[in-house]
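Scroll down for the structure; my scribbles are underneath it.
In the working numbering, the protein residues as written are 1 to 551.
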């Protein structure tokens with residue numbers, strides 16, 4: 001029986017079509033996946049279901065979003081102000097697009113709940129998690145304080161957050177990424193919804209946490225007969241958990257089938273392109289006798305976390321412990337591990353953005369004890385590309401000024417020379433020179449990440465540190481960026497340190513892999529040895545989680 005039926009939904013803004021006449025339905029107890037590139041219309045479709053688009057801009061929406069909405073006891077008592085009984089048709093369905101904002105308030109978070117992509121920005125940083133869970137309940141149910149508290153305990157146990165039963169006064173920043181996402185799921189479950197919309201719920205999570213979140217969603221689907229609209233660009237997730245799949249491209253649904261049929265016999269060319277966009281290795285072997293670019297010996301990084309009562313004796317947290325590695329010209333070392341394993345801290349230490357102990361040799365020069373003034377001439381030799389291009393590019397600067405910033409610091413060039421260098425760099429990354437006059441908000445996610453690459457490569461570095469550079473990108477864009485990176489590496493003989501929680505990407509781009517846990521290297525070796533002969537249980541668990549084995 002259908003729970004949600006979308007009929008001929010179209011969305012446009014200023015006469016520009018964004019969603020073009022799409023139709024599909026979601027059944028009770030079904031996980032329905034909506035997949036496609038960034039900008040294909042997936043999230044706009046979800047926002048249309050919840051009638052949220054008018055908060056974002058002057059969108060024109062037409063069609064029907066029919067939701068099966070049987071009466072709840074809470075509607076008959078506490079929520080008369082949200083009564084939508086007059087809007088039901090003969091099949092007991094309501095068109096959410098025809099509801100007033102007042103009526104829709106009784107649907108959102110009550111009958112249809114949403115899990116957003118980034119829990120850190122979706123949770124209120126000023127309120128503790130207990131208060132935020134209570135707020136989700138109070139809005140739709142008339143319960144005593146004791147009943148609310150009992151419901152909160154029930155919810156945190158339901159999402160397997162037993163550790164938080166005595167930590168309800170903690171704030172979002174005091175929780176791990178996986179814990180924050182489970183809190184979001186608990187808020188979504190607070191009022192026993194019939195439908196959950198999960199918009200990229202695991203993108204920012206490491207592989208073991210991702211596996212746990214997906215297993216939880218699957219368990220809730222089976223036990224509570226909840227319908228789930230899963231929006232994702234990760235086809236491994238779709239193949240493992242979804243019952244049916246709709247493929248979107250440029251605002252249209254180009255294919256809709258059972259999951260098994262999509263993967264065994266895709267019919268549309270775009271679907272075939274999407275399925276073939278899984279990370280594949282174009283990696284060239286490191287040349288014999290390649291020059292050593294970086295040598296790290298016994299590196300330690302510690303953070304002060306407290307003092308004693310008299311403010312004298314200090315306590316420290318060891319973020320990186322006794323790490324050693326060697327990076328050769330034209331070589332990529334993949335660094336993997338769960339959140340908090342020390343991967344990003346190691347990158348910051350190599351870039352001398354945090355203090356460290358141990359020896360670091362860069363192109364034959366010992367940079368271990370150099371201060372910022374002494375290290376400045378060497379900084380252009382090792383550059384970083386950040387995870388999130390949205391937040392790492394200054395929104396107030398043009399693309400030209402963003403790329404030129406490093407050139408102005410390290411070289412004395414005329415404006416004409418800078419423009420010439422930037423034009424060549426943009427062309428090498430598949431972008432038109434005219435892009436230099438744009439601002440970051442005028443670019444897609446993949447284009448922004450190419451600008452992040454341009455900003456680093458324009459200084460002709462020997463080493464590129466890439467911190468989760470493709471985690472926020474859809475598969476096709478991810479594949480394009482990885483292809484560009486490997487071509488650039490082959491051309492310039494770059495050494496790369498590639499940090500990622502996506503082991504499929506790591507397998508595609510790495511010659512050598514380092515596995516970190518709690519600041520230590522627990523396993524390392526050639527790529528094939530790590531994936532086929534891993535001798536450490538933690539590494540085996542990471543590989544199983546990356547490919548969602550056991551779900």
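The beta-carbon is built from N, C-alpha and C at its ideal position, and this holds for glycine as well.
*Assigned exposure category for residue 545 - 16 Cβ within 10 Å defines buried*: Here residue 545 corresponds to residue number 545 of the chain shown, with the count starting at 1. Counting the other CB atoms within 10 Å of its CB gives residue 545 a total of 16 or more, which places it among the buried residues.
*asked:* Can you tell me whether residue 260 is buried or exposed? The criterion is at least 16 other CB atoms within 10 Å of its CB, across all chains shown.
replied: By one-based count along the chain shown, residue 260 stands at place 260. With fewer than 16 Cβ atoms within 10 Å of its Cβ, residue 260 is classed as exposed.
*With DSSP as the reference, please indicate the residues paired to residue 365 in a beta bridge.*
Position 365 of the chain shown, counted from the start, is the residue given in the question as residue 365. Bridge partners of residue 365: 362.
*Select from 512, 190, 165 the residue whose C-alpha is nearest the C-alpha of residue 113.*
By 1-based counting over the chain shown, the position of residue 113 is 113. That would be 190, whose Cα lies nearest to the Cα of residue 113.
*Beta carbon of residue 328, beta carbon of residue 292: below 7 Å?*
Here residue 328 is taken as the residue at index 328 of the chain shown, counted from 1. Here residue 292 is taken as the residue at index 292 of the chain shown, counted from 1. Using a Cβ distance threshold of 7 Å, residue 328 and residue 292 count as a contacting pair.
*Run the CB neighbour count on residue 486, radius 10 Å, all protein chains shown included, and call it buried at 16 or more, exposed below.*
Residue mapping note: residue 486 aligns to position 486 of the chain shown, counting from 1. Counting Cβ neighbours within 10 Å, residue 486 comes out buried, since at least 16 surround it.
*What residues in its chain sit with their C-beta under 7 Å from that of residue 365, if we drop five residues either side in the sequence?*
Here residue 365 is taken as the residue at index 365 of the chain shown, counted from 1. Excluding the 5 residues flanking it on each side, residue 365 has same chain C-beta neighbours closer than 7 Å at 378, in chain order.
*Should residue 38 and residue 474 be called a contact, given that it needs their Cβ atoms to be closer than 7 Å?*
Position 38 of the chain shown, counted from the first residue, corresponds to residue 38. Position 474 of the chain shown, counted from the first residue, corresponds to residue 474. In this structure, residue 474 lies closer than 7 Å to residue 38 by Cβ.
*asked:* Looking only at its chain, what residues have a beta carbon closer than 8 Å to the beta carbon of residue 535, apart from the 5 residues adjacent to it on each side?
replied: Position 535 of the chain shown, counting from 1, holds the residue named residue 535. Cβ within range, chain order: 523.
*Helix, strand or coil at residue 248 [DSSP, three-state]*: Looking up residue 248 in the chain shown gives position 248. DSSP places residue 248 within a strand segment (E or B) once states are collapsed to three.
*In whole angstroms, what separates the C-alpha of residue 446 from that of residue 248?*
Here residue 446 refers to the residue found at position 446 of the chain shown. Here residue 248 refers to the residue found at position 248 of the chain shown. Spanning the alpha carbons of residue 446 and residue 248 requires a straight line of approximately 18 Å.
*Secondary structure at residue 16, three-state DSSP: helix, strand or coil?*
Position 16 of the chain shown holds residue 16. The answer is strand: DSSP assigns residue 16 an E or B state.
*Buried/exposed call for residue 288, threshold 16 Cβ in 10 Å*: For the purposes of this step, residue 288 is identified with residue 288 of the chain shown, where counting begins at 1. Label assigned to residue 288: exposed.
*With DSSP as the reference, please indicate the residues paired to residue 552 in a beta bridge.*
Because the chain is modelled from 1 through 551, residue 552 falls outside the range shown and cannot be assessed.
*Burial state of residue 73, where buried means 16 or more other Cβ atoms lie within 10 Å*: By 1-based counting over the chain shown, the position of residue 73 is 73. Confidence at residue 73 is low in this model, with a pLDDT of 46, below 50, so its placement is unreliable and the value that follows should be read with caution. When all chains shown are included, residue 73 counts as exposed.
_Span of the beta strand (DSSP E), counted from its first residue to its last, around residue 495_ = The residue you call residue 495 lines up with position 495 of the chain shown. Per DSSP, the continuous beta strand (DSSP E) segment holding residue 495 begins and ends at 495-499.
*With distances taken from CA atoms, which of 498, 477, 163 is nearest residue 344?*
By 1-based counting over the chain shown, the position of residue 344 is 344. When only C-alpha atoms are compared, the closest one is 498.
*Under three-state DSSP, which class holds residue 35?*
For the purposes of this step, residue 35 is taken as the residue at position 35 of the chain shown. Strand.
*Would you please state the rounded distance, in angstroms, between the beta carbons of residue 198 and residue 217? I believe it to be under 8 Å.*
Residue numbering aside, residue 198 sits at position 198 when the chain shown is read from its first letter. Residue numbering aside, residue 217 sits at position 217 when the chain shown is read from its first letter. So it is a contact: roughly 7 Å between Cβ atoms.
*Ordered along the chain, which non-local residues of its own chain (more than five positions away) have a Cβ less than 7 Å from that of residue 427?*
Stepping through the chain shown from its first residue, residue 427 is reached at position 427. Same-chain partners within the cutoff: 433.
*Between which two residues does the beta strand (DSSP E) containing residue 93 stretch?*
Numbered from 1 along the chain shown, position 93 holds the residue referred to as residue 93. Residue 93 -> beta strand (DSSP E) spans 93-95.
*Simplified DSSP assignment, three categories, for residue 422*: In the chain shown, the residue the question calls residue 422 occupies position 422. The answer is helix: DSSP assigns residue 422 an H, G or I state.
*Who pairs with residue 334 in a beta bridge, going by DSSP?*
The count along the chain shown starts at 1 and reaches residue 334 at position 334. According to DSSP, which records beta bridges pairwise, residue 334 is partnered with 498, 513.
*Counting only runs of 4+ residues fully inside the region 416-486, write out the alpha helix (DSSP H) ranges in chain order.*
As far as the region 416-486 is concerned, its whole alpha helix (DSSP H) runs of at least 4 residues are 445-457.
*Is DSSP giving residue 23 helix, strand or coil here?*
In the chain shown, residue 23 corresponds to position 23, counting from 1. DSSP places residue 23 in strand when its eight states are reduced to three.
*Whose C-beta lies closer than 7 Å to the C-beta of residue 15 among residues of the same chain, with five residues either side of it excluded?*
The sequence position of residue 15 within the chain shown is 15, counting from 1. The answer is none, since no qualifying residue turns up.
*Got a sec, what are the start and stop residues for the alpha helix (DSSP H) residue 531 sits in?*
Counting from 1 along the chain shown, the entry for residue 531 is found at position 531. Unbroken alpha helix (DSSP H) run through residue 531: 527-533.
_Residue range of the unbroken alpha helix (DSSP H) whose run includes residue 375_ = For the purposes of this step, residue 375 is taken as residue 375 along the chain shown, with counting starting at 1. Taken as a continuous stretch (DSSP letters only), the alpha helix (DSSP H) holding residue 375 covers 372-379.
_I'd like to know whether the C-beta atoms of residue 429 and residue 195 end up nearer to each other than 7 Å._
Here residue 429 refers to the residue found at position 429 when the chain shown is read from its first residue. Here residue 195 refers to the residue found at position 195 when the chain shown is read from its first residue. Result no, Cβ atoms of residue 429 and residue 195 do not sit closer than 7 Å.
*Cβ-Cβ separation, residue 13 to residue 60 (assumed contact under 8 Å), whole Å*: The sequence position of residue 60 within the chain shown is 60, counting from 1. The sequence position of residue 13 within the chain shown is 13, counting from 1. Confirmed, Cβ separation roughly 7 Å.
*Tell me where the beta strand (DSSP E) around residue 120 begins and ends.*
The count along the chain shown starts at 1 and reaches residue 120 at position 120. Residue 120 -> not in any beta strand (DSSP E); alpha helix (DSSP H) instead, spanning 119-122.
*asked:* Tell me which residue opens and which closes the alpha helix (DSSP H) that residue 56 is part of.
replied: Working through the chain shown from its first residue, we reach residue 56 at position 56. Following the DSSP letters along the chain, one finds residue 56 in no alpha helix (DSSP H), marked with neither H nor E.
_My output table needs one value for residue 207: the three-state DSSP class, helix, strand or coil._
Mapped onto the chain shown, residue 207 falls at position 207. Here residue 207 carries a helix assignment [DSSP, helix/strand/coil].
*Which of the three DSSP states, helix, strand or coil, is assigned to residue 276?*
As a working mapping, residue 276 is identified with position 276 in the chain shown. The answer is coil: DSSP assigns residue 276 none of H, G, I, E or B.
_Beta-bridge pairing of residue 302 - partner residues as DSSP gives them_ = For the purposes of this step, residue 302 is taken as the residue at position 302 of the chain shown. BP columns for residue 302 point to 318.
*Starting from residue 521, follow its DSSP beta bridges and name the residues at the other end.*
To locate residue 521, count along the chain shown from 1; it is residue 521. Here residue 521 is bridged, per DSSP, to 516.
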